[in-house]
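*Asks:*
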Amino acid sequence: MINRRSVLRRGGVALGVGLGGMGLGGVGLSSLGIGGLDFASAAAADPLAGVDPELRAGAATVLAMGAKLSPLTTARLPILRGGGAAMAGPLRADVPVEARKIAVGPGIPDVTVQVINAGTGAGGRASGGPRPAILHTHGGGFVAGSALAERGYLQDFAHALDCVIVSVEYTLAPEARFTRSVAETYAGLRWLHDQAEALGVDRRRLAVMGESAGGGHAALLAIQARDRGEVPLVLQVLTYPMLDDRTGSTVMPPPGIGKLGWDAQANRFGWESFLGATPGSRAVPAAGVPARCARLAGLAPAFIAVGGIDLFVDEDITYARRLTDAGVPTELLVIPGAYHGFDRVVPDASPSRRLIAARLAALRRAFGQPAG
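Our numbering puts the sequence shown at residues 2 to 373.
See the structure below:
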């Protein structure tokens with residue numbers, strides 16, 4: 002199972018990520034206790050104001066690391082990318098991992114996918130038949146991160162859920178724009194579906210999952226899956242997802258929001274690198290931005306989790322509300338006092354354990370598995 006020890010072993014830094022359910026009607030920042038003049042004044046005096054006490058030590062570390070990368074530019078990308086790679090944890094011996102090359106499409110080179118726990122059940126157990134599977138897309142603000150570095154983290158998920166996971170090594174921006182990376186991630190989803198028998202997968206129980214920019218990619222995959230009608234999904238799992246290019250450009254966060262792990266300037270850089278257009282402008286292609294999708298009806302059920310002082314909190318609440326309004330079953334979890342990537346920075350803290358447990362529970366329900 003995924004427990005405190007196993008997650009702690011995988012713990013990274015928030016910049017490597019992105020650098021219980023509640024009613025959605027009428028939810029805003031102030032009603033969640035994360036807005037208002039008092040909070041803004043405190044945040045101006047103390048950059049750690051509003052941070053959950055259990056997460057403060059990690060927040061101080063994130064602040065120090067963020068200072069080395071601010072402002073985020075192309076010249077600083079090697080630092081960001083190198084730091085994320087260095088945080089990769091050890092691999093489990095009881096959950097197999099294999100790298101495969103798969104075809105993407107005309108004019109696009111094959112892409113690498115990390116295939117985790119294919120074939121026999123987790124730990125070599127006989128699973129009694131085909132198992133559910135997850136297509137995973139890693140975080141990193143569209144400009145950093147890797148599927149390779151996430152293998153240990155995903156092995157824990159695969160073991161806890163007795164499922165198969167395929168994680169796509171999509172091409173990062175700005176080396177490639179969104180059209181290529183979106184084509185690569187969809188190719189991974191289609192390959193997982195088409196190779197279900199060989200992988201020991203039940204194609205009726207497929208989910209997409211991602212964190213930060215990977216959550217944005219997962220949301221785009223859910224939209225593509227609906228529009229193309231080729232791969233049915235039972236759930237989209239979006240952890241503090243990066244969904245809206247307007248955040249930090251034409252829509253600025255309140256004081257004290259989005260100061261830790263991923264800020265407005267980094268967000269502008271990530272989106273411009275990904276889209277090849279100025280964030281918040283009319284030139285932005287809607288096909289690359291989940292929040293700009295005009296029709297959300299018919300999408301897979303969603304689980305969305307975000308910290309209460311994360312830069313993405315407002316856009317994630319808005320997206321959850323829009324999904325709900327469109328008739329999409331949606332669970333939204335907002336963790337008070339939690340910043341971007343908090344669960345990877347301080348995985349043993351109770352807010353992190355709450356997120357981890359809720360996410361696993363959502364996947365188990367979608368897969369028709371008993372509660373853990």
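A virtual CB, placed ideally from N, CA and C, is assigned to each residue, including glycine.
List in chain order: all unbroken alpha helix (DSSP H) runs of 4+ residues lying wholly within the region 184 to 235.
*Replies:* Correct list: 197 to 200 and 214 to 229.
*Asks:* At what residues does the beta strand (DSSP E) containing residue 55 begin and finish?
*Replies:* By 1-based counting over the sequence shown, the position of residue 55 is 54. Premise fails: residue 55 is in no beta strand (DSSP E) and is neither H nor E.
*Asks:* Could you check whether the Cβ of residue 130 sits closer than 7 Å to any heavy atom belonging to the ligand SAH?
*Replies:* In terms of ligand content, the structure shown is empty, and the ligand SAH therefore cannot be addressed.
*Asks:* Which residue from 336, 281, 241 and 230 puts its Cα closest to that of residue 300?
*Replies:* Counting from 1 along the sequence shown, the entry for residue 300 is found at position 299. Per the Cα distances, 230.
*Asks:* Could you tell me the distance, in whole angstroms, from the CA atom of residue 196 to the CA atom of residue 51?
*Replies:* The residue given as residue 196 occupies position 195 in the sequence shown. The residue given as residue 51 occupies position 50 in the sequence shown. Going from the Cα of residue 196 to the Cα of residue 51 covers about 47 Å.
*Asks:* What does the Cβ neighbour count give for residue 111, buried or exposed, with the cut at 16 atoms within 10 Å?
*Replies:* Locating residue 111 in the sequence shown gives position 110, where the first residue counts as 1. When all chains shown are included, residue 111 counts as exposed.
*Asks:* For residue 175, I'd like the list of residues in its chain whose CB is within less than 6 Å of its CB, leaving aside the five on either flank, ordered along the chain.
*Replies:* Translated into the one-based positions of the sequence shown, residue 175 becomes position 174. These residues qualify, in order along the chain: 274.
*Asks:* DSSP on residue 174, reduced to helix/strand/coil?
*Replies:* For the purposes of this step, residue 174 is identified with residue 173 of the sequence shown, where counting begins at 1. Note: residue 174 maps to coil in three-state DSSP.
*Asks:* Here's a check: name, in chain order, each residue in its chain whose Cβ is nearer than 8 Å to the Cβ of residue 237, leaving out the five neighbours to either side.
*Replies:* Numbered from its first residue, the sequence shown carries residue 237 at position 236. For residue 237, where only same-chain residues beyond five positions count, the Cβ hits under 8 Å are 208, 209, 210, 219, 220, 222, 223, 300, 301, 302, 303 and 304.
*Asks:* Taking Cβ positions, are residue 239 and residue 63 nearer each other than 8 Å?
*Replies:* Residue 239 sits at position 238 when you count from the first residue of the sequence shown. Residue 63 sits at position 62 when you count from the first residue of the sequence shown. No, Cβ-Cβ distance for residue 239 and residue 63 is not below 8 Å.
*Asks:* Under the three-state reduction of DSSP, which class applies to residue 27: helix, strand or coil?
*Replies:* On the sequence shown, position 26 is the one that residue 27 refers to. Note that residue 27 has pLDDT 33, beneath the 50 cutoff, so the model's placement of it is unreliable and no number is given.
*Asks:* Pick helix, strand or coil for residue 136, following the three-state DSSP scheme.
*Replies:* Taking the first residue of the sequence shown as 1, we reach residue 136 at position 135. If DSSP states are grouped into helix, strand and coil, residue 136 belongs with the strands.
*Asks:* Contact check, residue 265 vs residue 249 under 8 Å by CB: the rounded distance?
*Replies:* Start at 1 with the first residue of the sequence shown, and residue 265 comes out as number 264. Start at 1 with the first residue of the sequence shown, and residue 249 comes out as number 248. Residue 265 to residue 249, Cβ: 3 Å. Contact.
*Asks:* Less than 8 Å between CB atoms is the rule here; does residue 235 satisfy it with respect to chain D?
*Replies:* Reference to chain D is not applicable here, since this structure consists of a single protein chain.
*Asks:* Based on DSSP bridge pairs, tell me the residues matched to residue 248.
*Replies:* Here residue 248 refers to the residue found at position 247 when the sequence shown is read from its first residue. Note: residue 248 sits in a beta bridge opposite 252.
*Asks:* Which residue or residues does DSSP assign as beta-bridge partners of residue 308?
*Replies:* Within the sequence shown, residue 308 is the residue found at index 307, counting from 1. Partner(s): 336.
*Asks:* Do you know how far the Cα of residue 47 is from the Cα of residue 234?
*Replies:* The count along the sequence shown starts at 1 and reaches residue 234 at position 233. The count along the sequence shown starts at 1 and reaches residue 47 at position 46. The straight-line gap from Cα to Cα measures roughly 43 Å.
*Asks:* Compare the C-alpha of residue 291 against each of 199, 364, 337 and 183 and name the closest.
*Replies:* One-based indexing of the sequence shown puts residue 291 at position 290. Among 199, 364, 337 and 183, the Cα nearest to that of residue 291 is on 183.
*Asks:* Once you ignore the five residues that flank residue 251 on each side, which residues in its own chain have a CB closer than 7 Å to its CB?
*Replies:* Working through the sequence shown from its first residue, we reach residue 251 at position 250. Hits under 7 Å: 281.
*Asks:* I'd like the list of long-range same chain contacts for residue 347, defined as Cβ closer than 8 Å, with 5 residues on each side in sequence excluded.
*Replies:* By 1-based counting over the sequence shown, the position of residue 347 is 346. Hits under 8 Å: 12, 55, 56, 58, 59 and 353.
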